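Visitor: Residue numbers (this note's numbering), protein chains in the order written: chain A, 1 to 159; chain B, 1001 to 1159. A virtual CB, placed ideally from N, CA and C, is assigned to each residue, including glycine. Note that this is a predicted model, so its numbers are computed, not measured.
2 protein chains.
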Amino acid sequence: METPRWLTPEQLRAWIRLESVVELLPTVLDSQLQRDAQLTHFEYLVLAKLSEAPEHVLRMTRLAAITNSTLPRLSHVVSRLEARGYLERRPCPEDRRATNAHLTETGWQKVVATAPGHVANVRAHVIDLLTDEQVEQLDGIMATLLERLDPQNSLRRLP
Amino acid sequence: METPRWLTPEQLRAWIRLESVVELLPTVLDSQLQRDAQLTHFEYLVLAKLSEAPEHVLRMTRLAAITNSTLPRLSHVVSRLEARGYLERRPCPEDRRATNAHLTETGWQKVVATAPGHVANVRAHVIDLLTDEQVEQLDGIMATLLERLDPQNSLRRLP
DNA sequence: TGAAAGTGGTTGTCGCGGCAACTGACGCCC
DNA sequence: GGGCGTCAGTTGCCGCGACAACCACTTTCA
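This is the structure we're talking about:
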């Protein structure tokens, strides 16, 4: 074990700030959605991704991948959303192991009603605070980090 | 309610990537610390901040602020860390409402033993992947976001 | 063709974080 | 100087997420 390479003051400052944002941002997203739509951020994400999918249908595995989640976690939240009538599980005809999540009409209406407030929140806390140049820089930096955090790049891997 | 201002494709892409990093990064930090030191990232943060404080002592309120936490959350985790012998609670002499958290020698040793692995992990997943220029950009962007997320700027406000 | 390995998904248990209610101590202010 | 609002901190309960064990189906290959 070699002696550790510490961070320079500049690196440390950037890291502490990133750490803080990573800690605080989820709370801001969750509380707006909870207040205005009784949804967690993750629940909203599931509904939103479904609403963007062709036919409003996605396989559980695929849905887990694009929401950066695990199958058990997704399964739990899908059960909750199903109980509230926002989506339905249906067995997949081609592969009888698989399950498809279908957004219901109620679920679609929920997304339509909730999206504007959520976008406004994202603007207010992130996008509108940054210059176009900073948004571009942010995109590049996050893309680099994702390559390491998510090597399979599940967000791009299509079915 | 006016019609919502949607995000441009560039903004959307940057946002989705930030969203993903915010979702995935905590897991990476937690699992390394859990594996190598049986600590959550937040527990480590508490010990680390104490270890940087003069006399290795901080008031609970102050500790909550610099860890971006709430008092109830901190109180719970301090109880756990106290049970494991890493710190002690002591009533504050000047203000009998207040409690001081003291890092023990065992706790200090734990931080010393754990820090190098944690820093290496931060390097591997964040800092070493970015150019110096990107680190600087990241710092600027996160500073801007923190101004909104944490208006009191508790990280700077000294006792 | 049938056993073994692999894949898709669900369920159960446990631990942490959020919130609300509560206690005790300080300070104000007439 | 006693009562009232506020502040510091703790506790209890609830809900979500992680993990592991499990079931069902598919694929492979001898």
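(1) Apart from the five residues just before and just after ALA64/A, which ones in its own chain have a Cβ nearer than 7 angstroms to its Cβ?
(2) Output the boundary residues of the alpha helix (DSSP H) element that contains GLU147/A.
(3) Output the residue ranges of the alpha helix (DSSP H) runs that lie fully inside the stretch 15-53 of chain A and measure 4 residues or longer, sorted by chain position.
(4) Report the option in CYS92/A, ARG96/A, HIS102/A whose CA atom is closest to the CA atom of GLY85/A.
(5) Near GLY117/A, what residues of its chain come up, given a Cβ to Cβ distance below 6 angstroms and the 5 sequence neighbours on each side ignored?
(6) Using the Cβ count rule (16 or more neighbours within 10 Å means buried), how would you classify HIS41/A?
(7) Quick check on the burial criterion: 16 or more other C-beta atoms within 10 angstroms. Buried or exposed for THR114/A?
(8) Tell me which residues share the same chain as SER1020/B and place their Cβ nearer than 6 angstroms to its Cβ, disregarding the 5 neighbours each side in the sequence.
(9) Which residue's Cα is closest to the Cα of TRP108/A: MET142/A, GLU55/A, THR67/A, ASN121/A?
(10) Identify the continuous beta strand (DSSP E) that holds ALA101/A and give its terminal residues.
(11) When the Cα atoms are used, what is the spatial distance from THR1008/B to ASP1095/B?
(12) Quick one: which chain A residues come within Cβ less than 7 angstroms of SER1051/B?
(13) Run down chain A in chain order and give the residues with a C-beta less than 8 angstroms from the C-beta of GLN1134/B.
(14) Leaving out the 5 sequence neighbours to the left and right, which residues in its chain are closer than 6 angstroms to ALA98/A when beta-carbon positions are compared?
(15) Kindly indicate the opening and closing residues of the alpha helix (DSSP H) around ARG1005/B.
(16) Name the residue from ASP30/A, GLU133/A, LEU47/A whose alpha carbon lies nearest to the alpha carbon of VAL122/A.
(17) Using a Cβ cut-off of 7 angstroms, which residues of the stretch 67-81 of chain A contact any Cβ in chain B, in chain order?
(18) Which same chain residues end up closer than 8 angstroms to ASN100/A when comparing Cβ atoms and leaving out the 5 residues on each side of it in sequence?
(19) For a contact defined as C-beta to C-beta under 7 angstroms, what are the partners of GLN1011/B on chain A?
(20) Locate the beta strand (DSSP E) running through GLU88/A, then write down its first and last residues.
(21) Under the assumption that ASP1139/B contacts ARG148/A (Cβ atoms under 8 angstroms), give the Cβ distance between them as a whole number of angstroms.
(22) Counting contacts by CB-CB distance shorter than 7 angstroms, is SER20/A in contact with chain B?
(23) Would the beta-carbon of VAL111/A fall within 7 angstroms of that of SER51/A?
Guide: On the basis of the supplied data:
(1) THR70, LEU71, LEU74
(2) 132-149
(3) 41-52
(4) HIS102/A
(5) ASP36
(6) buried
(7) buried
(8) none
(9) GLU55/A
(10) 99-103
(11) 53 angstroms
(12) Those within 7 angstroms of SER1051/B in chain A number zero; the least Cβ separation is about 14 angstroms.
(13) GLN137, GLY140, ILE141, THR144
(14) ARG59, CYS92
(15) Looking at the DSSP string, ARG1005/B is not in any alpha helix (DSSP H), and its letter there is neither H nor E.
(16) ASP30/A
(17) ASN68
(18) VAL57, LEU58, ARG59, MET60, ARG89, ARG90, PRO91, CYS92
(19) ILE127, VAL135
(20) 87-91
(21) The pair is not a contact, with the Cβ atoms about 19 angstroms apart (cut-off 8 angstroms).
(22) yes
(23) yes
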